[in-house]
Structures are given as C-alpha cells and as structure tokens.
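Visitor:
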Amino acid sequence: MLFFIIQIPWYLVLLFFQFDLISQNVNYIYDTKSNSSFSILTNYYQQILAVAFAVKEINENPQILPNVTLAFHIYDSYLNAKWTYYSTMLLIYTLGRFVPNYLCDIQHKVTAVIGGLDSQTSFDVATILSLYKIPQVAHMQEKMEMFYFIYSAFVSPGFFFYQMAPKEALQYVGVLSLVLHFQWTWIGLVAMDDYNGETFIQTMLPLFSKHSVCFAFIERLPLVREVKIDLVYQIIKAYYDMMKNKATVIVLYGESYTIAYLRWLPYLELEEEKTSMPIGKVWIMVGQIDLVSFAYQRDWNTDILHGALSFAIRSSELPGFEPFVENINPSNKKENGFIKDVWEHSFKCFLPNTTMDKVQNNICTGEKIKTLPGTLFEMKMTGHSYSIYNAIYAVAYALHAVISYRLKHRITVDRRGPKSHILLLWQLHYYLKIVSFNNSAGDHISFDHNGELVVGFDVINWVISSNESFYRVKVGWLNPGTVSEQTFTINKDAIKWHRWFNQAQPLSLCSENCKPGTRKKVKEGEPFCCYICIPCPEGKISEEQDMNDCYNCEAEKYPSKSQDFCIPKTVTYLSYEEYMGITLAFLALLFSLVTALMLGTFIKHHNTPIVKANNRNLTYILLLSLLLCFLTALLFIGCPQKVTCLFRQITFGIVFSVALSCLLAKTITVVLAFMVTKPGSRLRKLVGKKLANSIVISCSLIQIHICAIWLINSPSFPNADIHSMSKKIVLECDEGSALMFYCVLGYLGFLAIACFTVAFFARKLPDSFNEAKFITFSMLVFCSVWLAFVPSYLSSTGKYSVAVEAFSILSSSAGMLGCIFLPKFYIIVLRPQINHRDMLRRI
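Numbers -24 to -1, 1 to 819, taken from mature numbering (1 follows the signal peptide of the UniProt record, and there is no 0), label the letters of the sequence shown in order.
1) Where do the ends of the alpha helix (DSSP H) carrying Asn695 lie?
2) I believe Thr752 touches Phe732 by the beta-carbon criterion, under 8 Å. Please report the beta-carbon distance rounded to the nearest angstrom.
3) Let me know the alpha helix (DSSP H) ranges lying completely inside the region 252 to 310, each 4 residues or longer, listed in chain order.
4) Using 8 Å for Cβ pairs, my map puts Phe706 next to Tyr534. What's the rounded Cβ distance?
5) With DSSP run on the structure shown, which of helix, strand or coil describes Leu348?
6) Tell whether a beta-carbon distance below 9 Å holds between Ile613 and Tyr552.
7) DSSP puts Phe423 in a beta bridge; with which residues?
8) Grouping DSSP H, G and I as helix and E and B as strand, with all else coil, what is Tyr108?
9) State yes or no: is the C-beta of Thr609 within less than 9 Å of the C-beta of Leu786?
10) I need the DSSP call for Asn37, collapsed to helix, strand or coil.
11) When the Cα atoms are used, what is the spatial distance from Ile440 to Leu281?
12) Leu67 by DSSP, collapsed to three states: which one?
13) On the DSSP letters alone, give me the boundaries of the beta strand (DSSP E) that Ser322 sits inside.
14) In the DSSP output, what is Gly452 paired with across the bridge?
15) Can you list, in chain order, the residues of its chain with a C-beta nearer than 8 Å to that of Lys491? Leave out the 5 residues immediately preceding and following it.
16) Locate the alpha helix (DSSP H) running through Lys384, then write down its first and last residues.
17) Report yes if the CB atom of Glu354 is closer than 9 Å to the CB atom of Phe446, and no otherwise.
18) Whose C-alpha, out of Val631, Asn426, Ile680 and Ser232, is nearest the C-alpha of Tyr20?
19) Distance, Cα to Cα, Gln809 vs Ile673?
20) By the three-class DSSP mapping on this structure, what secondary structure does Tyr407 have?
21) When you compare the region 623 to 637 with the region 676 to 686, are there three or more beta-carbon pairs, one atom per stretch, that lie closer than 8 Å?
22) Tell me the residue span of the alpha helix (DSSP H) that contains Gln178.
23) Drop a sphere of 10 angstroms on the beta-carbon of His376, count the other beta-carbons inside from all chains shown, and report buried for 16 or more, exposed for fewer.
24) Might you give, ordered along the chain, the residues of its own chain that have their beta carbon closer than 6 Å to the beta carbon of Glu711, omitting 5 neighbours on each side?
25) Val149 to Thr465, Cα distance in whole Å?
26) Tell me the rounded alpha-carbon separation between Gly263 and Ala288.
27) Which one of Gly794, Ile517 and Met523 has the shortest CA to CA distance from residue 839?
28) Looking only at C-alpha atoms, which of Phe137, Cys505 and Glu500 sits nearest to Lys109?
29) Does the beta-carbon distance from Cys605 to Ala635 come in below 9 Å?
30) Roughly how many angstroms separate the alpha carbons of Gln479 and Ser98, rounded to a whole number?
31) Since Leu228 contacts Ile211 with CB under 8 Å, what's their CB separation in whole angstroms?
32) Look at the alpha carbon of Pro694 and the alpha carbon of Leu560, and state the distance between them as a whole number of angstroms.
33) So what's Ala531 in DSSP terms, helix, strand or just coil?
34) Determine the contact status of Glu302 and Ile345, defining contact as a CB-CB distance below 9 Å.
35) Please determine, among Asp266, Leu721 and Ser363, the residue with the shortest C-alpha to C-alpha distance to Tyr769.
36) Between the C-alpha atoms of Phe758 and Ala531, what's the straight-line distance to the nearest angstrom?
This is the structure:
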C-alpha cells in the first residue's frame, strides 16, 4: 500500500504525503482526525474531495503506480506553529506516536508533503522537512526568499520545495496591470499584519508609485488568534475608515480564510459610525484568497463581494469531478470522516447515527451537496483544488518514475531498513524536478529550474446574484514569461460591477481628471495623485487627460485655441494664385511691355535729335537694363526653388548696378560736355563714348565681384521658416549671408547717391538736351523707395517681405523709366514736329 497523510489547518489545507512500497489490493482510504474548528469552514471540503478524486483516479489507473494503492490521513494544524511542528515531527519519527529522533515505524516513512493554502504553515513544515531532504509541494504562492534564507543556514545548497502556483512576482505585475488598465490611480491597500503582508506592502509601494498610482490608505489587519475586544474594535474601525474613503478600489492581500472574516465586518457597528456610508467598493484580491465561509454565514448577505476581481491559478474543468462530488452521500459507509461534520453544519440537520439528544425533529433526509449556496460550497473545481489535484499527480508521476527505475535496474527494497527509503527520497527529488505530464484536462504540468510551476493567472469576476448565488466569471488572464513576454488581457465588457456603480466602470481618483488643455499641479503636502488642474501656458498644449506638464507642438504645428491638440501649419509663399502675387506679376509684365515699347520706339527713331542727345548707346543699355529690372521682380513670385533663390538677388543687384551706372555715365557726360566748351579746356579728350563705357563697365564690375563673393561663400537657398509665423510655414529663400545682401544694397545706394549728387549740380545747365534734371528726379524717387524699403523689409515677415522687395524693384524702376524716358517718348510719339535741332533749341 502506498500511504500518504493530509493535514487540514483551521483556515487552510496542508497536505502531507507518506509513501511506502507495500502492495495490497485495497481501495483508497479516508482516515480522518479532525475537529469542529475545520468543519465550520465547509468550503475546504472541496479541496479534500479534490484529494480523494485524484487518489481515486490514480488508484484506478493501471498505468500509474501499478500494484500500489494510495491512502491518506488528515490532520489539523490550528494555524499554530507549535501544533504544525508537532504534527510534522509526528509524521517523520513515527506514525501516531511522538518519539522525537526515534524511527520506530520503518514501514510508514514520509516521502513527500503537499503544502497548504497558508504559506506560513508550509514554511513551518519546510524548516523540519528540509533537514531530512523530504520534498514539499506547495499548491499556493510561498515567500520562497524567507524559506531559502533559513534553509541555507542549516543545510547544504539545493531546494526541496516545489511550488504548484505561479511566481509571486507575476501576481504583482497582474495587480498593477489591472489597476493601470482601468486607470485607477487612488486605491487602498489592505494586508494581514504578518511577514507576507509586510513583504507585499513593501513591494507594491515603489512599484505602484513608479507607475503614478497612489495609496489612499494602507491598513494592516491583525491576525485574530483569539477574540479580544480591543483587537475587534481595531479591525472594525479600520473597516469603517476603508469604506468611507473615496477610493473605490481596494487591493486585498491575505490568506485563504480572509474572506470569512471580511464577511463579518458589515454586521459589526460602532456607535459613532452609524451614519450611512457608501458600500460600493471594487475588491482586487490575490490568488491566495478564496471564498471561504463559516457554516453559520450561509444566509449572510454577500453584497460586499459582488463585482470583486481576483487572481486565480489557471485551471480547467476536470472531467468526472462534478459527478464525483454529486455522488457524495453520508449514508455511504466508504465516505470520509469529514462528511458528518460537513453535512450537519452545512444543512443544519443531524445524521441518524448522531449521539446527541433531541434530534428527531431535524434529521438529515437526502440532502444533496449541489444544493448548497456557492458561498458555502462550489461544485466547479476552484484554482486551489486544481493545484492540489496537480500536486498529487506530480508526486505520483515522480514516484512512478522512481519505481520504474528501480525495477529496470533490479534494485530491491529493504523493508527492514531505512537505506532504501533514503535512496527513494533522493531519487524522488530528481524526478520531481523533471516531472512533466498532461493531466486529465489536457493541461501540461511541469516545473521550471526554480521548482516553480510554469503557469499563469486567470482574472476572475465574483458575481453574487440577488438570490445569493455565487459565480466565478473568467474575464481575463495573465501569461507568464519574461517582462517583455508577459501578456495581460482583460475583457472589461464581461465584468459585472457592484450595483452601487450602476454597471458603469468605477472611477477611483483622488482628483477629477484634468481635461486636455490643462495640466496637473500637485497640492502642497498631499500625494502626487491629488492635484488641481490649471490651463496650459500660452503656446503649449496637453492632448491627454492628467498630463503632468504641457509641451510645445512640433515645429510644423501650432496649438489650437483650446490648447488640446496641434494643428498643422499651412504652407505660404508669394504665389501667382493670390491677389498680391497676381498684382505684382501684372505690374512687372505691364512695365516690361512699356519699357520694350519705348526701346523699340527709340530704336526706330534712333536718328532723331532727341535720341542722339546724351549718348544714344547708353540710352539703349539703360532701357534694356530697366526691362530686365521689371522682369527680375518675377523671380520673387512663386514657390522658391534652388535656381530662383540662387540668382534672384544677384540678378537684381547686377541689373540695377548697370542701370545706375548708365545714369551716372549720362550725368558725367553732360557735365563734361559743358565744361569742354570753355576755351582752353583740357577735358575735351575725356568726352566721348570711351568714358561712358568705362564708367558703366567699371561700376558694374564692382557689383559683379560682390555678387561673385556672395555666390561662392554663402549662396541663397530655399528654406522653410517655421518660427517667424505661429500658424504658417513660410517657404522663402534664405539669403545665406545678410551682410552680403546689404553690401549689394549699399553699393546700389552708393551709385544712386553719386548719380543724384552729380545730376543735382548739373540740373540748371542751359541746353534743351540736358537730362540732368530728369535724372535728379529719378534718383530722388529711387532713393526714397529704397530708404523706405529697409524698415519695411525688416518689419515684415514671410511673403510680405518678399512682396516689399518686389514692389520696391518695380516702383524704383518705374520711377527711373517715367522720369527719364516718358518726356522723350511723349515728344517722339505725340510731338514729332519738334523733334529736330532747331525746335529743341527754342524750347
């Protein structure tokens, strides 16, 4: 017979397995040593049935442990370390008799232990079992770091602890992911006042703060070993503080029995706290917590738990488990010893064989376990029972591998000595580490290199219906893996919230959400989750709720009026599609046609006196340069391109230099012409075409050199100005070097002033052919235009600065054309009768 022992503490299940290799033809055996303290918590009965169901399947399966039968005993640890140590030593040294360090019962040696729901009890057991290299398989999360610390102080390196539950750290990630998914930033934290609870608090505080989640309160509930008034008062006061706090989400960390005491709280009142208070809370519970109730709580209201979210070890439906549970009947003599306590406390009746008096009026008459409310007993297997089921199978498969190895290598078992048993323990450790199998539900069970089960969590929604029926609804899951591989999924539409929230997703915030366009400002002296909302500074935005700070838009965008989003800037330049561009282009073409008409007219009448006067060639060059000046304005209109940007300023500077050089040459020629008429003048040799040509060429070459230097060192290029205008991107030509640009303008100004000065002094010279007075007026117009250009250009931005320059080119060119050539054109076209030498002298 293969024999193991199960211990059930008051609040939890602790499973002990004992094996030997005595082969007998017997069925599974329930040998029970219990007391009323366990029987009150009938929810644990499912976990006992999970043990029985697993043992039954293993015994009936000829492929696992053939010719070996499993059986079990159940003990109570009372959640007391002393009793836990006592039971553990009892199992190690002898079966049923306490003789420390004396192995008087060699046929009943503990081979493996399955730990229970309470991590502290499993730890107490491990401190003894590890000395004897006995493996323990725990079916809930344990604080392994504490165990390893104590263990390493007494034994050689290695571990004898196997965990049938996901890593504790994965659960922390799950709780955080759940809180962040629903954007709950103001939550409460409740934990038991013990090592595990304190570890949970110290772990969650920095983790939640890192992700901008604050704790409205942190309550440490004392462990109630015995009823004391001050202790009860402390718990009730903490409950009222929690329920009155505006944080609607509470993370609850505890052990399996925590809910049994939580259900007490709504029924306890303090005189000073009788005023109405909100009862709608969202409880987020860790995987250790289960729905456990005392038998007398059968008809109690469970509304406080409705809508709770809990993490549970991923489980599957086991075929045959529910029929197995339904067939449980206290009249069956083969049933386990717990059935009497469960039946009488759960159904409030007495079995016929009871020894109590006066039970005739309340005898159990065929009650079915499936009729019990879900808060007292669940027909579907829970995650805890599923872990126990898998733990039993893990040890069974490992033991099967040991037996197979021994048979294969013909290793005999010495039933009279412990040596074979010691060998069995070490072999069992090896095979437990590498055990891998598929259970009856099809789930794969195996441990990783740390002795932890590779499994994830399910997110369960606790639903309490109006008739107090209890349902577990799977609404999400958390898969294990590395940090980058962990996946959290939640179906929020499947969640049933507490009726207090009217099925709307609850909010749990210290402050109202700051709308887009505002930012948070933390209230002085309060947590960072408590804040006020202030508008963003001008020019900045916040696109999302609860932004810590506002930020500038990208360079290509600008803030909306409400400062909650960025608007793409529109692209602008002086184009032919707008009125300004069309007007300038029309004027440029109009003046160009007028100039071309005048040039053609002058060429046609080139032999007339008015054309011959004051150097006919200079007149043609001047008209041609003015024509080019008007056309140059077109280079400033349209989308800036590399070629247009490269040559428009240079073309403008050179063409205007030629025009001004021609005017200067004309004026100097007039002055010299009158000076050489004086007797004995030596200037006669200077007057002529060579002088005029020299002036035009030399003055133009200086500007050409300036432009060449500009072109070589820092030429103009297309540029997108995204800063000068808040809502527009200006496509423009960057001049490359502002200094060179103003050098070009300065040189033109120098030529204009020189020409104006010479013409001004020569304006009163007698002769009808004298152009000095017309040149004076033209230079006056030219200088006025370009003096006004400088401040206008500097004060304008974008396309307007381009338009100012184009207009200045047109207006100054038009001024020269009108002042110098319009009077002559008038005479040639409308007064041809006076266009001869004699008539011009009379004028």
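Note that beta-carbon positions come from the ideal geometry of N, C-alpha and C, so glycine has one too.
Guide: Straight from the coordinates:
1) Residue range Phe693 to Asp697 is occupied by the beta strand (DSSP E) that includes Asn695, with no alpha helix (DSSP H) assigned at that position.
2) Confirmed, about 6 Å.
3) Runs of the alpha helix (DSSP H) inside the region 252 to 310: 297 to 302.
4) Note on residue identity: the sequence assigns Val, not Phe, to residue 706. Between Val706 and Tyr534 the beta-carbon gap is near 13 Å, outside 8 Å, which marks them as no contact.
5) Here Leu348 sits in coil by DSSP.
6) Cβ atoms of Ile613 and Tyr552: closer than 9 Å.
7) Phe423 pairs with Leu429.
8) DSSP places Tyr108 in helix when its eight states are reduced to three.
9) The sequence shown places Ala at residue 609, not Thr. Using a Cβ distance threshold of 9 Å, Ala609 and Leu786 count as a contacting pair.
10) Asn37 falls in the coil class under three-state DSSP.
11) Distance between the alpha carbons of Ile440 and Leu281 is about 7 Å.
12) Of the three classes helix, strand and coil, the one that applies to Leu67 here is helix, per DSSP.
13) Residue range Phe314 to Phe323 is occupied by the alpha helix (DSSP H) that includes Ser322, with no beta strand (DSSP E) assigned at that position.
14) Gly452 pairs with Val435 and Ile466.
15) If the five residues before and after Lys491 are omitted, its C-beta is found closer than 8 Å to the C-beta atoms of Cys509, Gln521 and Asp540, all from its own chain and listed in chain order.
16) Per DSSP, the continuous alpha helix (DSSP H) segment holding Lys384 begins and ends at Gly359 to Lys384.
17) Between Glu354 and Phe446, the CB-CB gap stays under 9 Å.
18) The residue with the shortest Cα to Cα distance from Tyr20 is Ser232.
19) Rounded to the nearest angstrom, the two C-alpha atoms are 36 Å apart.
20) Judged by DSSP in its simplified three-state form, Tyr407 adopts helix.
21) Inter-segment contact for the region 623 to 637 and the region 676 to 686 is present: three or more beta-carbon pairs are separated by less than 8 Å.
22) Looking at the DSSP string, the run of the alpha helix (DSSP H) that includes Gln178 is Tyr171 to Lys186.
23) Its Cβ being crowded by 16 or more others within 10 Å, His376 is buried.
24) For Glu711, the CB contacts under 6 Å within the same chain, skipping 5 residues up- and downstream, are Ser692 and Phe717 in chain order.
25) Each residue's Cα considered, the two are about 12 Å apart.
26) Gly263 and Ala288: Cα-Cα distance of roughly 5 Å.
27) This structure cannot speak to residue 839, because the chain is shown only from -24 to 819.
28) Among Phe137, Cys505 and Glu500, the Cα nearest to that of Lys109 is on Phe137.
29) Closer than 9 Å, so yes.
30) C-alpha separation (whole angstroms): 40 Å.
31) Contact between Leu228 and Ile211 is absent: CB atoms are separated by about 14 Å, not below the 8 Å threshold.
32) Going from the Cα of Pro694 to the Cα of Leu560 covers about 21 Å.
33) DSSP, reduced to helix, strand and coil, places Ala531 outside both helices and strands of the structure shown, so it counts as coil.
34) Contact: yes.
35) Looking at Asp266, Leu721 and Ser363, the one whose alpha-carbon comes closest to that of Tyr769 is Leu721.
36) Going from the Cα of Phe758 to the Cα of Ala531 covers about 40 Å.
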